[in-house]
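Let me begin by presenting the structure, written as structure tokens, before commenting on it.
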Amino acid sequence: MNGVIIQMKTNKIIGIDLGTTNSCVSVMEGKEAKVIINSEGGRTTPSIVAFRNDEILVGEVAKRQMLTNPNTILSIKRHMGEKNFTVNIKDKKYTPQEISAMILRNLKKQAEDYLGAEVTNAIITVPAYFNDAQRQATKDAGKIAGLEVKRIINEPTAAALAYGIDKQNEKEQNILVFDLGGGTFDVSILNLAEGNFSVLSTAGDNLLGGDDFDNKIIEFLLKEIKKEHLVDLSKDKSVMQRLKSAAENAKKELSNAMSAQISLPFLTMIQRHEQGNSVGESIHFEYNLTRAKFNELTQDLVDRCLIPLKRALKDADMTPGEIHQVLLVGGSTRIPAVQELVKKELNKNTLNKSINPDEVVAMGASIQGGILSGDVKDIVLLDVTPLSLGIETLGNVFTKLIERNTTIPTTAKQVFSTAEDNQTSVDIHVLQGERPLARENKTLGNFRLDEIQAAQRGIPQIEVTFDIDVNGIVSVKAKNLGTNKEQKITISGSGSLSEEEIKRMIKEAEENAEADKIKREKIDTLNEANNLIFQTKKSLDTLKDEIQPEEKNKIEGQIKDLEEALKTEDIAIIKEKMSLLEKESQSIAVKAYQKAQEKSKENSDNDNYKPENDKNSDPDEVVDAEFKEKK
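All residue numbers in the sequence shown are consecutive under full-length UniProt numbering, ending with 631.
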């Protein structure tokens with residue numbers, strides 16, 4: 001019986017940077033570390049877990065609602081290794097290992113979606129100062145997530161690996177790793193001698209990170225809003241969520257620009273009393289934040305970086321002149337004032353920032369994984385593959401074995417299996433391209449592996465190996481691991497594609513990515529429309545005794561129009577009907593907002609819950625691994 005094949009486990013070892021604020025996952029593709037993009041299109045994933053109804057949210061979706069959902073847990077890494085620390089969600093206790101496992105499971109899924117195969121092995125990084133209990137807790141979290149943690153390595157060591165410092169010719173080097181992340185700050189000094197890294201000193205501030213820079217902007221914006229509109233919005237969780245997002249974006253923009261425009265239309269609704277009448281007013285806020293103002297607001301935070309930096313040098317018994325290289329790690333090292341401080345203190349004209357600081361630790365971890373699996377060896381990098389190479393698998397799927405821009409020579413292998421019962425042969429369809437479906441890519445060749453012993457689907461193991469030599473000649477081999485019988489095909493010049501054809505195929509892939517973005521935007525619009533209908537109906541019900549019948553009928557008519565528009569899935573029509581409903585329902589939105597504020601004030605004393613290990617948390621904020629449960 002002939003047919004297609006399905007995927008099995010991969011022998012690749014993924015690299016994971018399990019961060020306090022954000023996490024990242026990487027894998028070796030050929031001889032390069034590849035950062036895996038998550039389902040939201042991000043290269044890093046917020047280390048946030050939220051519980052909503054019976055659903056567990058991880059990452060960006062959890063972050064978007066963290067100030068409005070009391071059952072949100074963040075910065076759990078701070079509590080790794082604490083013996084008696086637990087958090088309670090709906091009367092169920094969770095350890096830091098279990099919460100971390102939820103994040104790791106999400107990263108594992110990202111890797112599996114990317115590789116098209118089950119992932120079971122990982123390298124996970126930890127701060128250099130982590131003790132045995134913290135390291136063991138990290139390994140336990142990996143085990144709970146279904147990962148065999150092959151090794152725990154220090155974050156600064158991983159960064160040094162990613163920068164390729166171990167491959168440089170100097171006999172001995174002292175490397176300072178300056179790691180300013182979202183929630184923590186660490187300085188480590190490493191010594192590299194004869195290919196081995198040793199940590200000479202480490203110092204840090206566990207309560208200093210990019211979030212603190214964001215908070216400085218938020219505090220300033222709240223003051224400006226109060227000055228302009230005479231209203232304090234610091235207790236409005238929806239407003240704070242938008243301000244946090246705006247502050248984070250402005251901070252990032254100011255790393256490359258001298259100013260950032262902050263625009264927050266329809267921030268909230270307030271009620272004003274004029275001449276005995278109650279009038280609803282929409283709060284709109286605009287502000288142009290300059291880099292100079294940002295530096296002024298955050299000067300004390302930048303100054304705090306000096307203390308661990310000096311301590312690390314002192315503990316290592318070194319002067320700035322004895323440091324050969326400075327590596328920047330963590331997204332907050334993009335802040336120009338931070339870079340200037342490091343240059344001045346260490347008397348360096350340049351800092352090594354050639355790799356994305358958000359990703360460098362995960363990349364180093366995957367390189368360590370490649371070393372352990374034998375994928376990374378001392379080779380001369382001569383060229384790169386212009387397009388990805390792979391085979392067709394079940395469902396007309398193009399499964400990549402070698403990614404575009406992988407340095408050659410290179411070899412990649414993966415084990416597949418049969419897709420149907422009693423299948424006695426498999427067809428190997430070799431492809432080149434960047435599109436997700438096999439039919440949208442270029443065929444390089446076909447061959448068949450026969451004499452597979454009849455068995456239940458998924459039982460036979462077929463190992464497919466791609467090998468590209470220095471001349472770009474591709475050899476593809478399929479081997480029946482049960483009988484050792486094999487077939488292969490050799491393709492010279494990767495199918496002899498012209499440069500124009502390669503550019504066209506890459507362009508088509510980019511155009512397809514934009515189509516995916518449009519699909520996501522469509523889904524977002526549909527969700528927003530449904531949410532508007534729900535919220536408006538809820539407000540109508542809450543205020544049924546306070547709304548005039550004619551006003552209620554008009555709004556109900558607008559709701560019906562939007563519901564009908566949703567059936568068409570025409571985004572332009574949906575947006576038009578949404579705009580009309582928003583306009584008509586503005587008056588009841590003001591009343592509903594007022595009523596909700598009054599109710600929130602009445603119930604504030606009974607609306608919070610703190611984990612038993614922290615009795616001093618602020619009930620209006622979600623910080624560290626704390627949460628609040630609504631009664």
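Each residue gets a CB set at the ideal place from its N, CA and C atoms; glycine is no exception.
Please read all numbers here as calculations on a predicted model, not as lab measurements.
Residue 511 to residue 10, Cα distance in whole Å? Position 511 of the sequence shown, counted from the first residue, corresponds to residue 511. Position 10 of the sequence shown, counted from the first residue, corresponds to residue 10. Between residue 511 and residue 10, the C-alpha separation is close to 30 Å.
Exposed or buried, what is residue 155 when buried is set at 16 or more other beta-carbons lying within 10 Å of its beta-carbon? Working through the sequence shown from its first residue, we reach residue 155 at position 155. Result: buried.
Per DSSP, which one or two residues make a beta bridge with residue 264? By one-based count along the sequence shown, residue 264 stands at place 264. According to DSSP, which records beta bridges pairwise, residue 264 is partnered with 285.
Residue 545 versus residue 588 - alpha carbon distance: Residue 545 sits at position 545 when you count from the first residue of the sequence shown. Residue 588 sits at position 588 when you count from the first residue of the sequence shown. Whole-angstrom Cα-Cα distance: 12 Å.
Check the C-beta distance from residue 14 over to residue 35 and give it rounded, since I have them as a contact under 8 Å. Residue numbering aside, residue 14 sits at position 14 when the sequence shown is read from its first letter. Residue numbering aside, residue 35 sits at position 35 when the sequence shown is read from its first letter. About 11 Å; that fails the 8 Å criterion.
When the Cα atoms are used, what is the spatial distance from residue 43 to residue 37? Indexing the sequence shown from 1 puts residue 43 at position 43. Indexing the sequence shown from 1 puts residue 37 at position 37. C-alpha separation (whole angstroms): 5 Å.
Does DSSP classify residue 359 as helix, strand or coil? Locating residue 359 in the sequence shown gives position 359, where the first residue counts as 1. It is coil, neither helix nor strand.
Given residue 183, which residues of its chain have a CB within under 7 Å of its CB, disregarding the five upstream and five downstream residues? In the sequence shown, residue 183 corresponds to position 183, counting from 1. Excluding sequence neighbours, residue 183 sits near 20, 21, 75, 209 and 211.
One question on the structure: do residue 141 and residue 365 come within less than 8 Å of each other, judged by their Cβ atoms? Taking the first residue of the sequence shown as 1, we reach residue 141 at position 141. Taking the first residue of the sequence shown as 1, we reach residue 365 at position 365. In this structure, residue 365 does not lie closer than 8 Å to residue 141 by Cβ.
Examine the Cβ distances between the stretch 123-132 and the stretch 193-207 and report whether three or more of them are shorter than 8 Å. yes
Measure the C-alpha to C-alpha separation of residue 368 and residue 172 and round it to an integer number of angstroms. The count along the sequence shown starts at 1 and reaches residue 368 at position 368. The count along the sequence shown starts at 1 and reaches residue 172 at position 172. Between residue 368 and residue 172, the C-alpha separation is close to 20 Å.
Give the secondary structure of residue 114 by DSSP, where H, G and I count as helix, E and B as strand, and everything else as coil. Sequence index remark: in the sequence shown, residue 114 carries index 114 (1-based). Of the three classes helix, strand and coil, the one that applies to residue 114 here is helix, per DSSP.
What are the boundary residues of the alpha helix (DSSP H) that includes residue 225? Residue mapping note: residue 225 aligns to position 225 of the sequence shown, counting from 1. Counting along the chain, the alpha helix (DSSP H) containing residue 225 begins and ends at 210-229.
When you compare the stretch 249-262 with the stretch 286-293, are there three or more beta-carbon pairs, one atom per stretch, that lie closer than 8 Å? yes
When the Cα atoms are used, what is the spatial distance from residue 357 to residue 433? Your numbering for residue 357 matches position 357 in the sequence shown. Your numbering for residue 433 matches position 433 in the sequence shown. For residue 357 and residue 433, the distance between alpha carbons rounds to 30 Å.
Rounded to whole angstroms, what is the Cα-Cα separation between residue 220 and residue 343? Taking the sequence shown and counting its residues from 1, one reaches residue 220 at position 220. Taking the sequence shown and counting its residues from 1, one reaches residue 343 at position 343. Those two C-alpha atoms are separated by around 28 Å.
Using only alpha-carbon positions, find the residue among 547, 16, 70 and 83 that is nearest to residue 120. In the sequence shown, residue 120 corresponds to position 120, counting from 1. It is 16.
For residue 412, collect the residues of the same chain with a Cβ closer than 6 Å to its Cβ; drop the 5 residues on either side in sequence, then sort them by chain order. Numbered from 1 along the sequence shown, position 412 holds the residue referred to as residue 412. 401, 402 and 466, listed in sequence order.
Separation of residue 361 from residue 137, as counted between CA atoms: As a first step, residue 137 must be located in the sequence shown, where it is residue number 137. As a first step, residue 361 must be located in the sequence shown, where it is residue number 361. Looking at the two C-alpha atoms, the distance is approximately 19 Å.
From residue 12 to residue 143, what distance separates their C-alpha atoms? For the purposes of this step, residue 12 is taken as the residue at position 12 of the sequence shown. For the purposes of this step, residue 143 is taken as the residue at position 143 of the sequence shown. Their backbone Cα atoms lie some 17 Å apart in a straight line.
Can you look up residue 134 in the DSSP assignment and give me helix, strand or coil? As a position in the sequence shown, residue 134 is number 134, starting the count at 1. Note: residue 134 maps to helix in three-state DSSP.
Between the stretch 473-481 and the stretch 446-464, do at least 3 Cβ pairs fall closer than 8 Å? yes
Pop quiz: residue 476 and residue 485 are said to be a contact at Cβ under 8 Å. What is the actual Cβ separation, rounded to whole angstroms? Residue numbering aside, residue 476 sits at position 476 when the sequence shown is read from its first letter. Residue numbering aside, residue 485 sits at position 485 when the sequence shown is read from its first letter. About 15 Å separates the two Cβ atoms, so there is no contact after all.
I need the straight-line Cα distance from residue 539 to residue 551, nearest angstrom please. What you label residue 539 is simply residue 539 of the sequence shown in a count that begins at 1. What you label residue 551 is simply residue 551 of the sequence shown in a count that begins at 1. Cα to Cα, the separation comes out at about 13 Å.
Which residues mark the beginning and the end of the alpha helix (DSSP H) in which residue 295 is found? As a first step, residue 295 must be located in the sequence shown, where it is residue number 295. Run containing residue 295: 291-304, per the alpha helix (DSSP H) assignment.
Out of 543, 216 and 528, state which residue places its alpha-carbon closest to the alpha-carbon of residue 578. Residue 578 sits at position 578 when you count from the first residue of the sequence shown. Residue 528 is the option with its Cα nearest to residue 578.
Are the beta-carbon atoms of residue 68 and residue 234 separated by less than 8 Å? Here residue 68 refers to the residue found at position 68 of the sequence shown. Here residue 234 refers to the residue found at position 234 of the sequence shown. It is not a contact, given that the beta carbons lie outside the stated cut-off.
Simplified DSSP assignment, three categories, for residue 542: Taking the first residue of the sequence shown as position 1, residue 542 is located at position 542. Correct three-state label for residue 542: helix.
Cβ-based neighbour list, residue 573, same chain, cut-off 7 Å, excluding 5 preceding and 5 following: Residue 573 sits at position 573 when you count from the first residue of the sequence shown. Here the set comprises 565.
So the beta strand (DSSP E) residue 72 belongs to, where does it begin and stop? Position 72 of the sequence shown, counted from the start, is the residue given in the question as residue 72. From DSSP, the beta strand (DSSP E) with residue 72 extends over 72-74.
CB residue 108 to CB residue 145, shorter than 8 Å? The residue you call residue 108 lines up with position 108 of the sequence shown. The residue you call residue 145 lines up with position 145 of the sequence shown. Against a cut-off of 8 Å, the Cβ pair of residue 145 and residue 108 comes out as a contact.
Can you tell me which of 325, 31 and 331 puts its alpha carbon nearest to the alpha carbon of residue 347? Here residue 347 refers to the residue found at position 347 when the sequence shown is read from its first residue. Of the listed residues, the one whose Cα sits closest to residue 347 is 325.
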